[in-house]
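Student: Chains as they are written, first to last, in full-length UniProt numbering: chain A, 1 to 627; chain B, 1 to 59.
Glycine included, every Cβ here is placed at the ideal spot set by N, Cα and C.
In this text, all values refer to a predicted model and were calculated from it rather than measured experimentally.
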Amino acid sequence: MGTRTGGGRTGGAGRDGPVLGISAYYHDSAAALVSEGVPVAAAQEERFSRRRHDAGFPAQAVAYCLREAGLRLDELAAVAFYEDPALKFRRVMATWLATAPHGFPVFRRAFPQWAGWKRHALDDVRARLRVLSGGRPLPPVVAHRHHGSHAASAFLPSPYPSAAVLCVDGVGEWATTTLWHGRGTELVPLAELRFPHSLGMLYSAFTHFCGFKVDSGEYKLMGLAPYGTPRWAPLIRERLINVKTDGSFRLDLRHFAFQYGQTMTGRSFEELFGGPRRTPEGPLTEREFDLAASVQAVTEEVVLRLARTVLERTGERRLCLAGGVALNCVANGRLVDESVCDELWVQPAAGDAGGALGSALAESHGRGAPRTHVRRGTDAMAGALLGPGYSAGEVAEFLDRGGYPAVCLPEPELVERVAAELAEGKVVGWFQGRMEFGPRALGNRSILADPRDPGTQSTLNLKTKFRESFRPFAPAVLAEDAKDWFDLAGESPYMLLTARVAAAQRRTCGPEAEGLTGLDLLRVPRSTIPAVTHVDGSARVQTVTAERNARFHALLTAFRDRTGCPVLVNTSFNVRGEPIVRDPGEAYACFMRTRIDLLVLGDFLLDKRDQPAWREEGDWRAAIPMD
Amino acid sequence: MPRSRWTERLGGLGLAALYFGVLTPFGWCVRAVRDPLRRSWDADRASYLEAPDRSRAAP
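#1: Tell me the DSSP secondary structure of G12 (chain B) in three-state form.
#2: What's the gap between the Cα of D607 (chain A) and the Cα of V395 (chain A)?
#3: Using a Cβ-Cβ cut-off of 8 Å, state whether N461 (chain A) counts as contacting chain B.
#4: Alpha carbon to alpha carbon, how far is G228 (chain A) from M222 (chain A)? Give it in angstroms, no decimals.
#5: As a quick exercise: from A:F195, A:R119, A:A30, A:P105, pick the residue whose alpha carbon is nearest that of R38 (chain B).
#6: Give, in chain order, every residue of the stretch 245-265 of chain A whose Cβ lies closer than 9 Å to some Cβ of chain E.
#7: Hey, G217 (chain A) and G282 (chain A): beta-carbon distance below 8 Å or not?
#8: From the beta carbon of P58 (chain A), is the nearest beta carbon of chain B less than 8 Å away?
#9: Could you tell me which residues DSSP pairs with T498 (chain A) in its beta bridges?
#10: Alpha carbon to alpha carbon, how far is R51 (chain A) from P579 (chain A)? Give it in angstroms, no decimals.
#11: Does DSSP put G261 (chain A) in a helix, a strand or coil?
#12: Ignore the nearest five residues each way along the sequence and tell me which others in S364 (chain A)'s own chain have a CB closer than 6 Å to its CB.
#13: Just to make sure I have the definition right: I need the residues of chain A whose C-beta is within less than 9 Å of the C-beta of D35 (chain B). Which are they?
#14: Classify R562 (chain A) as buried or exposed, calling it buried when 16 or more other Cβ atoms lie within 10 Å of its own Cβ.
#15: So, A63 (chain A) versus L132 (chain A), is the Cβ gap smaller than 8 Å?
#16: Starting from E312 (chain A) and walking both ways along the alpha helix (DSSP H), at which residues does that stretch end?
#17: Strictly below 8 Å CB to CB, what residues from chain B border L190 (chain A)?
#18: Given this structure, state the Cα-to-Cα distance separating S23 (chain A) from F48 (chain A), to the nearest angstrom.
#19: Between the stretch 20-30 of chain B and the stretch 119-139 of chain A, do at least 3 Cβ pairs fall closer than 8 Å?
#20: Of all Cβ atoms in chain A, is any one closer than 8 Å to the Cβ of G12 (chain B)?
#21: State the DSSP-derived secondary structure class of R9 (chain A), mapped to helix, strand or coil.
#22: What does the Cβ neighbour count give for Q262 (chain A), buried or exposed, with the cut at 16 atoms within 10 Å?
#23: Measuring straight from C-alpha to C-alpha, what distance separates A86 (chain A) and A43 (chain A)?
#24: Looking at C-beta atoms only, is the number of pairs between the stretch 419-439 of chain A and the stretch 554-571 of chain A that lie closer than 8 Å three or more?
#25: Nearest CA to the CA of G355 (chain A): which residue from A:R136, A:L156, A:E300, A:R401?
#26: Quick one: does H197 (chain A) have its CB under 8 Å from some CB of chain B?
#27: Should N461 (chain A) and R445 (chain A) be called a contact, given that it needs their Cβ atoms to be closer than 8 Å?
#28: How many Å lie between E468 (chain A) and F573 (chain A) at the Cα?
#29: For the stretch 99-113 of chain A, list every residue whose C-beta sits within 8 Å of some C-beta in chain B, in sequence order.
#30: Tell me the DSSP secondary structure of L20 (chain A) in three-state form.
#31: Taking all protein chains shown into account, decide if T265 (chain A) is buried (16 or more other Cβ within 10 angstroms of its Cβ) or exposed.
#32: For the beta strand (DSSP E) containing Q44 (chain A), name the first residue and the last one.
#33: Would DSSP call P189 (chain A) helix, strand or coil?
#34: Is the separation between the beta-carbon of S538 (chain A) and that of T571 (chain A) shorter than 8 Å?
#35: Output the residue ranges of the beta strand (DSSP E) runs that lie fully inside the stretch 527-597 of chain A and measure 3 residues or longer, sorted by chain position.
#36: Check distances from the C-beta atoms of the stretch 16-28 of chain B to those of chain A and list, in chain order, the residues that come in under 9 Å.
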């Protein structure tokens, strides 16, 4: 059975074999290698180049994938590109025609790129692969559709034999929202919405208006929402977005500028919402809290309606999600809480990086690869641990080279020691195994802390992550204990669902909470695990099993046995603006630049107090652009 | 990422002439017939969902 994803040539002689997928040229470039329908390696280029959201050709990620698989380019069946550049160019041209004479500044900047190479991006991919291939012949390079790649990334690695599939993002070529029916290895497209009517663009417009960066600040807006009330939601529905019962919608483009301008919103947007946009890094006011709450409410409404529509149309009760809007874990949580679907699976790399994986999966299954994991009732993502790992020897060599004092401990002793330190309030940089694929740290490139301490959120935000104080942290919890700590019926292995902290752990706020608004709400502990409890009592949960991550599960178990609490703060191992650390050197630098107390590199434990003085040229903070 | 050589030769003035002299009037003609961006809200429609584009991606 082949894969029909609305596009994508599935190879010349029907040759099966490993397939490399590539996403590139817009944001979050990545490479992924799939063999017989199984993801073998995947990584975002930003982790190698150290440029956040790197959009360039992912040469280093490609090289890693080939190295991990022990393959050369000429041994691949095909290279799959995650979108159709020619179709995307036609959409860009159509937009210029539809919006002229507005938009000349964008035309002036973008037209030479499009005329020069972007519409022939596949030729650029071939040229760059030729460099990597060292003169050996290249496999065919084929384009898949952007939303087809998202749909493939959502359904094909899911544990479901069949499912409804919903993909919602900013825009691919034309589609911004697509509905599919996945069965076996096939994906049948059912319906779509097209640019410029985009839920992702709506959310990004408010992200921009609230002073955050587009394509990186959306999750900050989501984190801000619980501080506000959705008082602007009726105005948004009346003036910005017309939503039908089935969740389909159109935007009123008179208030937006993204379709022709260099900014997301226009003057009329300011008039609607009481003044100019918030200056980046400026003070947050009640207006931003309420705008965040309002657009979040509207977004959830649309996602829920679209989910009901695709489930109805397919007759399925299982739902798969991908596209950037699928990273909105609050909306995802509602899909589960309100039983919109019986089962939900969200691609951990739901954004454009996941398109590399999706296109590779679509090509692989299109060539006949089966979905063998479905028989086992598991997903095919290997816990999303698809990036590079470092052996004990490599770590030891790094430590010796730098002269960094460390002790090597067997696992039982290591987890006991780290659990003890965490229970005493220490912050631990935890670097293990293979790096995660996707935006979340899942226990291999993580900063860990005790969630019971009310001061942890502030300490981590201001002294370790150097990020905005309103941002909550997320918990990792032993899967077997999750239901005692969170109102979560099933699994959440990829930290893409929010759930309320369980009633038994919640604490009633006393008179000190009366009348508090905005960031003042942070001062009031709301549960026994305040560091991971948002101001509305919710948490973005990761459930951890021994099957997916044995060592992280062992650490959580040791912490639980010591404290009675099976939960840890799990935040990504980086500072604000920096990609998540990839190798021991980056982990050590982050450790030494911040207030992290202990660093664990595989089996090696490093104490900050034992380390030599950290010296580097220049101010490292100046070198990392704010996100 | 390489820019197109012929657009480099056009320069800013040439691009402006292309945009305002060719693209803009052509865009007006297109919009006189239909709106490629389907901007209007339609209270009479039950759904804005459209049939999927089933054409194949370019090789």
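Tutor: For this structure:
#1: Translated into the one-based positions of the second sequence, residue 12 (chain B) becomes position 12. Helix at G12 (chain B).
#2: Taking the first residue of the first sequence as 1, we reach residue 607 (chain A) at position 607. Taking the first residue of the first sequence as 1, we reach residue 395 (chain A) at position 395. When rounded, the distance between both Cα atoms is 16 Å.
#3: Sequence index remark: in the first sequence, residue 461 (chain A) carries index 461 (1-based). Not an interface residue.
#4: If you number the first sequence from 1, residue 222 (chain A) lands on position 222. If you number the first sequence from 1, residue 228 (chain A) lands on position 228. Taken atom to atom, the span from the alpha-carbon of M222 (chain A) to that of G228 (chain A) is near 11 Å.
#5: What you label residue 38 (chain B) is simply residue 38 of the second sequence in a count that begins at 1. Of the listed residues, the one whose Cα sits closest to R38 (chain B) is A:F195.
#6: Included in the structure are the protein chains A and B, with no chain E among them.
#7: To locate residue 217 (chain A), count along the first sequence from 1; it is residue 217. To locate residue 282 (chain A), count along the first sequence from 1; it is residue 282. No, they are not a contact pair.
#8: For the purposes of this step, residue 58 (chain A) is identified with residue 58 of the first sequence, where counting begins at 1. Taking CB atoms only, P58 (chain A) has no neighbour in chain B less than 8 Å away.
#9: Sequence index remark: in the first sequence, residue 498 (chain A) carries index 498 (1-based). Looking at the DSSP assignment, T498 (chain A) forms a beta bridge with A:R540.
#10: As a first step, residue 579 (chain A) is located in the first sequence; it is residue number 579 there, counting from the start. As a first step, residue 51 (chain A) is located in the first sequence; it is residue number 51 there, counting from the start. In a straight line, the C-alpha of P579 (chain A) is about 7 Å away from that of R51 (chain A).
#11: Position 261 of the first sequence, counting from 1, holds the residue named residue 261 (chain A). G261 (chain A): coil per DSSP, three-state reduction.
#12: Taking the first residue of the first sequence as 1, we reach residue 364 (chain A) at position 364. V19, V34, G37, listed in sequence order.
#13: Numbered from 1 along the second sequence, position 35 holds the residue referred to as residue 35 (chain B). Per Cβ cutoff of 9 Å: A98.
#14: Mapped onto the first sequence, residue 562 (chain A) falls at position 562. By the 10 Å Cβ count, R562 (chain A) comes out exposed.
#15: Indexing the first sequence from 1 puts residue 63 (chain A) at position 63. Indexing the first sequence from 1 puts residue 132 (chain A) at position 132. Yes; because the gap between Cβ atoms is below 8 Å, this pair is in contact.
#16: Your numbering for residue 312 (chain A) matches position 312 in the first sequence. Note, E312 (chain A): alpha helix (DSSP H), 286-314.
#17: Locating residue 190 (chain A) in the first sequence gives position 190, where the first residue counts as 1. In chain order: P52.
#18: The residue labelled residue 23 (chain A) in the question sits at position 23 within the first sequence. The residue labelled residue 48 (chain A) in the question sits at position 48 within the first sequence. Cα-Cα distance, rounded: 15 Å.
#19: The stretch 20-30 of chain B and the stretch 119-139 of chain A do not touch, with fewer than 3 CB-CB distances between them shorter than 8 Å.
#20: Here residue 12 (chain B) refers to the residue found at position 12 when the second sequence is read from its first residue. Taking CB atoms only, G12 (chain B) has a neighbour in chain A less than 8 Å away.
#21: As a working mapping, residue 9 (chain A) is identified with position 9 in the first sequence. Model confidence at R9 (chain A) stands at a pLDDT of 37, short of 50, so the residue's coordinates are unreliable; what they give is reported in the following sentence. Reduced to three states, the DSSP call for R9 (chain A) is coil.
#22: Locating residue 262 (chain A) in the first sequence gives position 262, where the first residue counts as 1. Q262 (chain A) is exposed by the Cβ-count criterion.
#23: Counting from one through the first sequence, the residue named residue 86 (chain A) turns up at place 86. Counting from one through the first sequence, the residue named residue 43 (chain A) turns up at place 43. Spanning the two alpha carbons is a distance of roughly 26 Å.
#24: yes
#25: As a first step, residue 355 (chain A) must be located in the first sequence, where it is residue number 355. Of the listed residues, the one whose Cα sits closest to G355 (chain A) is A:L156.
#26: The residue you call residue 197 (chain A) lines up with position 197 of the first sequence. Interface residue, yes.
#27: Taking the first residue of the first sequence as position 1, residue 461 (chain A) is located at position 461. Taking the first residue of the first sequence as position 1, residue 445 (chain A) is located at position 445. Not a contact, by the Cβ cut-off of 8 Å.
#28: Position 468 of the first sequence, counted from the start, is the residue given in the question as residue 468 (chain A). Position 573 of the first sequence, counted from the start, is the residue given in the question as residue 573 (chain A). Their backbone Cα atoms lie some 16 Å apart in a straight line.
#29: T99, A100, P101, F104, F107, R108, F111, P112, Q113
#30: What you label residue 20 (chain A) is simply residue 20 of the first sequence in a count that begins at 1. Three-state result, L20 (chain A): strand.
#31: Taking the first residue of the first sequence as position 1, residue 265 (chain A) is located at position 265. Classification for T265 (chain A): buried.
#32: Against the first sequence, residue 44 (chain A) aligns to sequence position 44. Here the beta strand (DSSP E) through Q44 (chain A) covers 38-44.
#33: Position 189 of the first sequence, counted from the start, is the residue given in the question as residue 189 (chain A). Strand at P189 (chain A).
#34: Here residue 538 (chain A) refers to the residue found at position 538 of the first sequence. Here residue 571 (chain A) refers to the residue found at position 571 of the first sequence. Not closer than 8 Å, so no.
#35: 538-544, 567-572
#36: A16, L18, Y19, F20, L23, T24, P25, F26, G27, W28
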